[in-house]
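K.L.:
I'd like to ask you about the structure that follows.
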Amino acid sequence: MNLKELVGIEAATYVKDGMIVGLGTGSTAYYFVKELGRRVKEEDLQITGVVTSIRTEEQAKELGIPLKTIDEVESVDLTVDGADEISDDFQGIKGGGAALLFEKVVATYSKECIWIVDESKMVNKLGDFPLPVEVVPFGSHNLFRLFEAKGYNPTWRKTDAGEILLTDGDHHIIDLHLEVIEDPRALADELDKCVGVVEHGLFIDMISRVIVGTPEGPKTLEVPTR
Ligand code: 5RP
Numbered sequence: 005m006n007l008k009e010l011v012g013i014e015a016a017t018y019v020k021d022g023m024i025v026g027l028g029t030g031s032t033a034y035y036f037v038k039e040l041g042r043r044v045k046e047e048d049l050q051i052t053g054v055v056t057s058i059r060t061e062e063q064a065k066e067l068g069i070p071l072k073t074i075d076e077v078e079s080v081d082l083t084v085d086g087a088d089e090i091s092d093d094f095q096g097i098k099g100g101g102a103a104l105l106f107e108k109v110v111a112t113y114s115k116e117c118i119w120i121v122d123e124s125k126m127v128n129k130l131g132d133f134p135l136p137v138e139v140v141p142f143g144s145h146n147l148f149r150l151f152e153a154k155g156y157n158p159t160w161r162k163t164d165a166g167e168i169l170l171t172d173g174d175h176h177i178i179d180l181h182l183e184v185i186e187d188p189r190a191l192a193d194e195l196d197k198c199v200g201v202v203e204h205g206l207f208i209d210m211i212s213r214v215i216v217g218t219p220e221g222p223k224t225l226e227v228p229t230r
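The following block contains the structure:
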């Protein structure tokens, strides 16, 4: 069993009958959703899933997990998702799979969020992983130029065919190659104020627990209350 599968299965143990569960996106969240599908089928687990992407929606439907949209529920009991980087103080970068906007919306309405990662994602400071910024297409080339002027080394997220990618929300993604983010909270505030930015991949104070896949097994880290 690979480390992603291990943490996916471990995270699914936090899911109980009757819960509304946020279903993350990516190759690690895939295993969480797969395990929930197994429990729905084999253990008659009664849950309602809320997806964070079209990809996850397709997977959940195939597995027979009952679904509602985020707008059909007032809150989500628990969301389990992957992450691209998690710093020492449990802040994160997400959006490597281009689903950051819907992931952040679902996380925002979740009573609890758990991230599942392999140990390569645990870092001292954020920023080695390019920071995704989701932008409306209208005016996005000007935003790109603004990020260039700020020295943020932007690149367009492209499809395998080399075209500028369109997210599930019909936006573009500009990746910022920052190397290190000294103050994630300040950068998040700055990006929040940029007109045309729909959302960015800095997830600040959003989680209560991380499950890290290590060769010795899944290691659960509780995030201290802030
Ligand atoms: C998608 C995400 C993913 O959760 C993140 O990229 C981690 O993915 P993976 O588990 O495949 O490494 O934020 O937008």
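Residue numbers for the sequence shown follow the numbering used here, beginning at 5 and rising by one. From the three backbone atoms N, C-alpha and C, an ideal C-beta is built for every residue, glycine too.
For Cys198, which beta-bridge partners are listed by DSSP?
P.N.:
For Cys198, which the question treats as bridged, DSSP gives no partner whatsoever.
K.L.:
Can we say the segment 156–169 touches the segment 123–131, given the rule of at least three CB pairs closer than 8 Å?
P.N.:
No, the segment 156–169 does not touch the segment 123–131.
K.L.:
Applying the criterion that 16 or more other CB atoms from any shown protein chain within 10 Å of the CB defines a buried residue, is Ala102 buried or exposed?
P.N.:
Buried is the call here.
K.L.:
Whole angstroms is fine: what's the gap from Ile51's alpha carbon to Glu66's?
P.N.:
Straight-line Cα distance between these residues: approximately 15 Å.
K.L.:
From the DSSP output, which residues share a beta bridge with Val214?
P.N.:
Trp119 and Leu225, per the DSSP bridge assignment.
K.L.:
Is it a yes or a no for the segment 147–159 touching the segment 173–180, going by three-plus beta-carbon pairs under 8 Å?
P.N.:
Touching, yes.
K.L.:
For Val139 and Val201, I'd like the C-alpha separation in whole angstroms.
P.N.:
Using only the alpha carbons, I get a separation of about 4 Å.
K.L.:
Say yes only if the C-beta of Pro40 is nearer than 7 Å to one or more non-hydrogen atoms of the ligand 5RP, and no if none qualify.
P.N.:
According to the sequence provided, residue 40 is Leu. The question's Pro does not apply to it. Not so, every heavy atom of the ligand 5RP lies at least 7 Å from the Cβ.
K.L.:
So Val25 is in the beta strand (DSSP E); what residue range does that whole segment cover?
P.N.:
Residues Ile24 to Leu27.
K.L.:
Runs of 4 residues minimum, wholly inside the segment 127–212: which ones carry the alpha helix (DSSP H) assignment?
P.N.:
Entirely contained in the segment 127–212, the alpha helix (DSSP H) runs reaching 4 residues are, in chain order, 144–153 and 188–196.
K.L.:
Nearest to Ile13 by CA position, among Thr60, Cys198, Glu76 and Arg43, is which residue?
P.N.:
Here the closest residue by C-alpha is Arg43.
K.L.:
In this structure, does DSSP put Val19 in helix, strand or coil?
P.N.:
Coil at Val19, not helix or strand.
K.L.:
Looking only at its chain, what residues have a beta carbon closer than 7 Å to the beta carbon of Asp172, apart from the 5 residues adjacent to it on each side?
P.N.:
The answer, listed in chain order, is Ser57, Ile58, Ala103 and Phe106.
K.L.:
Please classify Ile168 as buried or exposed, where buried requires at least 16 other C-beta atoms within 10 Å of its C-beta.
P.N.:
It is exposed - the Cβ of Ile168 has fewer than 16 other Cβ atoms within 10 Å.
K.L.:
Under 8 Å by Cβ, that's how I've got Val19 and Leu82 pegged, so tell me the actual separation to the nearest angstrom.
P.N.:
Right, their Cβ atoms sit about 6 Å apart.
K.L.:
Drop a sphere of 10 angstroms on the beta-carbon of Met5, count the other beta-carbons inside from all chains shown, and report buried for 16 or more, exposed for fewer.
P.N.:
When all chains shown are included, Met5 counts as exposed.
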